[in-house]
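What follows is a short report on a single structure.
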């Protein structure tokens, strides 16, 4: 409860500050303050994704400031509610704020597309932890985000086939049922999963469905799965819906293998779904807990909550910008050049290097299997 | 029945207007328009919005909200029909702009009539069967219509489904006025002109036959029917005109945002616009303008509270409605519906 | 296209009926308030959402069940379920009374237009949902499995599960009790009197404020019961679940004839079945479209809903 009181105090202070005279940051001669931004949904129905990502960014800043005593980093929280309409209003403001050297995000592909024209004009580096739409890095597409857009997450056309492969691994003559949550993230990914299935020998697509992401009753979908005789069920959507679904599926007695993409990848998934999640297969790069339990524990200690979806990606993206600041890239142009030429290690040990369209070089997806309430890494899907 | 003595801004404003003679009125109108047109230059004052760009905020949400609220006000405020699916017409306008803008060579101004026409057509198609319904039944049917439009574009391939449509062209320059990404003053002026046109249209209609018919329908539909007013016809007219304004707002929004997707056209938008109308003062044009301006602007102005933004927004709605139930600038007493009980003495 | 419907007909039907009963109870929240005030209680969806936390707090924080603990059995099971039910009803009932007090009472006393009340209710539902979002850090909240979902038997290829049966029977009983309350009790009669003619009821010495608060309370209790069944079946809640369920239940109330208690019953069941059948035949993405088209068609032929004709006599 104490935390709540504190946060409400913070709100009151914020109100006071904003309506009063803008407070001038009084930096001592030795410490310098730089600004980066995070853009994603921080309020409204999609808020959990954005808050998880922003926590990872804040965590990265905390670690960075502890290691570099003379540099302070300010974060501007750009709340686009995951809504491309709102993104079109905030993006010009962010672009106009010359203090912002670079931006982690935008979180959602739709909001990214709506924001891109402004950021392109401003020449500001974007590193998205979770915008996976293929067209964003396709130079022939209207949505192309180069040269400012980068992402540290594998795009859909890499993940789709990986997910198809991993889901059907060890299943002979797999009969596969694929369904999505109707979101802009899930529908394209489902297309790439279905395309990927064609390359898996023996696998056949036996059915599909498209269920609104806020649905909780999956009975009709389960009826379709049972009727189709599917042995593998692949879901493109997010972990909370996946947890509700898998419980309902298991309660009908179905033994079909369940698999999901990086939206399902969250250690909360096996926790929410309990025993029903056992044996579920998920592709992704994994939350911080997937990297090391020690890191996760430290995160929880510093941030007060556990790390969430795309926290590794957001952490990597923030670190990239922070290392730019440390290297003295304190203009947007210098930062953009730095990011484009960047070569370094991600927290998972992969090499981060962007190709000319803004994609990372690795883009490999690891397969995870749920065992005893934890998603366990079973190695890169080949 | 004693009038409560609260700040009566509406009567104060109306008083000035009524006392003024014609040249004075013209002077007042021109000065006001001029001052409004200067608004985008006030970005450095206390009006400035943290994070979001001030001039962009003036266009969307503020300007577009005002336009939509004025359109919805024709339906809800003038003729008293509760429409919870107004976003449908906005969506139809926006998708007309997006599809025609990316597939044909037409520019925003050439597409505008199509957007308006399609929205009006949808208004007639929806209105014909459903406007016989009353009150809350109409509300749920219109709500359903709004959802249907969104779900159809979400589940169809011609609309690119949930991916949405990108690269919608900006409007062509008007002489020396250029539409720019980083400076949206021209957009704002265009919205202001559209708002003025809408206000002009509503004011003309209000004092003529349709306006009187709507008024009669709003006060007592059965009595209006008995007096020989073809109520269905006028209801459809009101619905269609509201739709036209919504469609126009949609075209402009798509051309400003350059990208649209089905997720932008949820029920929340309909509710928000309705809130603008009621919050400002239902039935009173200036009240609606004020309400939409405040509700569009407020969430952007209080961005520094980040987490609790919507919470504050909700609290404002509850508080204002409880203390000014007729809105900030209510319509004149004699125009108020007589269906309600006596005001408690 | 119809293969799924034919093949899985009974499974779908049972699922639809169970879902329908949850809708029935939430619709009561809408219909009770509508019957008395002629107003949509827009905040009912958030009352439902708050109710779900009643069950979770009871099983998780009072009885210390966790995601991995064994389901309860015997007496303990009955105790936990019953106290969860009561807690959910209590939370939702109190939230409903709070909503009435904050969003409705003052406006009602002023006798102002209905739209102001609607916006006020929308405001309070934004507040309720945002407060819960801040309290739960925007995260989904899982409910521990207290009731084991045993498959009791199989009829025509459909599994009959314990939780489904409990939901259907218990919801029917709660519905019946509430209906009797409104029909027979002194307070219920006062509620119906206000619903028929507010001024006359006032003249007859009915305490209007108390009656209306009670109406919200009863509607809230029904909605809270729905929250309990929802959590028991789906074992999950989140700050934003109210919207979808509330919209569906409101549609159900209109379908049955809003303001009519029995209408809520038939409307809820019809909607539950319609949703699962439509999802099975056309695909879940067209579910909402189908529901609304059916609603429009029903309203075209029966403008007051399926059971709306007897408004004056059976209105809540």
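Protein chains in written order, with the working numbering: chain F, 554 to 935; chain D, 11 to 355; chain L, 25 to 340.
All C-beta atoms in this analysis are idealised placements derived from N, C-alpha and C, irrespective of residue type, glycine included.
So which of the options has the shortest CA-CA distance to residue i?
i                     : options                    : result
residue 330 (chain L) : L:305, L:293, L:112        : L:293
residue 584 (chain F) : F:604, F:600, F:621        : F:621
residue 67 (chain D)  : D:299, D:197, D:321        : D:197
residue 641 (chain F) : D:167, D:62, D:327, D:109  : D:62
residue 734 (chain F) : F:766, F:716, F:705        : F:766
residue 623 (chain F) : F:847, F:879, F:844, F:920 : F:879
residue 898 (chain F) : F:871, F:821, F:769        : F:871
residue 198 (chain L) : L:242, L:188, L:172        : L:242
residue 962 (chain F) : L:261, L:97, L:38, L:213   : As shown, chain F starts at 554 and ends at 935. That puts residue 962 (chain F) outside it, with no answer to give.
residue 199 (chain D) : D:41, D:46, D:227, D:22    : D:46
residue 133 (chain D) : D:93, D:145, D:115         : D:93
residue 174 (chain D) : F:729, F:793, F:695        : F:695
residue 106 (chain D) : D:127, D:95, D:91, D:89    : D:127
residue 602 (chain F) : F:588, F:612, F:709, F:635 : F:635
residue 46 (chain L)  : L:291, L:83, L:328         : L:291
residue 829 (chain F) : F:802, F:817, F:589        : F:802
I need the straight-line Cα distance from residue i to residue j, nearest angstrom please.
i                     : j                     : result
residue 69 (chain L)  : residue 625 (chain F) : 44 Å
residue 131 (chain L) : residue 141 (chain L) : 7 Å
residue 262 (chain D) : residue 75 (chain D)  : 12 Å
residue 189 (chain L) : residue 255 (chain L) : 15 Å
residue 88 (chain L)  : residue 163 (chain L) : 20 Å
residue 283 (chain D) : residue 298 (chain D) : 10 Å
residue 903 (chain F) : residue 108 (chain D) : 40 Å
residue 586 (chain F) : residue 652 (chain F) : 10 Å
residue 896 (chain F) : residue 655 (chain F) : 17 Å
residue 184 (chain L) : residue 100 (chain D) : 46 Å
Return no unless some Cβ of chain L is closer than 9 Å to the Cβ of residue i.
i                     : result
residue 676 (chain F) : no
residue 165 (chain D) : yes
residue 311 (chain D) : no
residue 496 (chain F) : Lying before the first or after the last residue shown, residue 496 (chain F) is absent from chain F, which here runs from 554 to 935.
residue 140 (chain D) : yes
residue 147 (chain D) : yes
From the DSSP secondary-structure annotation, give me the bridge partner or partners of residue i.
i                     : result
residue 156 (chain D) : Partner(s): none; residue 156 (chain D) has no beta bridge.
residue 928 (chain F) : F:923
residue 704 (chain F) : F:681
residue 89 (chain L)  : Partner(s): none; residue 89 (chain L) has no beta bridge.
residue 608 (chain F) : In DSSP, residue 608 (chain F) forms no bridge with anything.
residue 592 (chain F) : F:631
Under a CB-based cut-off of 9 Å, is residue i close to chain F?
i                     : result
residue 124 (chain L) : no
residue 264 (chain L) : yes
residue 246 (chain D) : no
residue 183 (chain L) : yes
residue 169 (chain L) : yes
residue 273 (chain D) : yes
residue 58 (chain L)  : no
residue 163 (chain L) : yes
residue 270 (chain L) : no
Would the C-beta of residue i count as close to the ligand GDP, meaning under 8 Å from any of its heavy atoms?
i                    : result
residue 67 (chain D) : Questions concerning the ligand GDP fall outside what the structure shown contains, since it holds no ligand whatsoever.
Within 9 Å (strictly less), CB to CB, does residue i reach chain D?
i                     : result
residue 650 (chain F) : yes
residue 290 (chain L) : no
residue 790 (chain F) : no
residue 140 (chain L) : yes
residue 312 (chain L) : yes
Please report whether the beta-carbon of residue i lies at a distance below 9 Å from any beta-carbon of chain B.
i                     : result
residue 155 (chain D) : Among the chains of the structure shown, chain B does not appear; the protein chains present are F, D and L.
Could you check whether the segment 688 to 702 of chain F touches the segment 204 to 217 of chain D, counting it as contact only if at least three pairs of C-beta atoms, one from each stretch, sit closer than 8 Å? no
Is it true that the segment 243 to 251 of chain D meets the segment 79 to 86 of chain D, where meeting means three or more beta-carbon pairs spaced less than 8 Å apart? yes
Touch test, the segment 315 to 325 of chain L against the segment 275 to 284 of chain L, Cβ-Cβ under 8 Å, three pairs minimum: yes
Okay, do the segment 299 to 317 of chain D and the segment 169 to 185 of chain D touch, 3+ Cβ pairs below 8 Å being the bar? no
Would you say the segment 889 to 896 of chain F touches the segment 852 to 861 of chain F, given that touching needs at least three Cβ pairs under 8 Å? no
Cβ contact check for the segment 673 to 683 of chain F and the segment 644 to 662 of chain F: 3 or more pairs under 8 Å: Three or more beta-carbon pairs separated by less than 8 Å link the segment 673 to 683 of chain F to the segment 644 to 662 of chain F, which places the two stretches in contact.
Spell out a yes or no on whether the segment 47 to 60 of chain L and the segment 301 to 320 of chain L are touching, meaning 3 or more CB-CB pairs, one atom from each, closer than 8 Å. no
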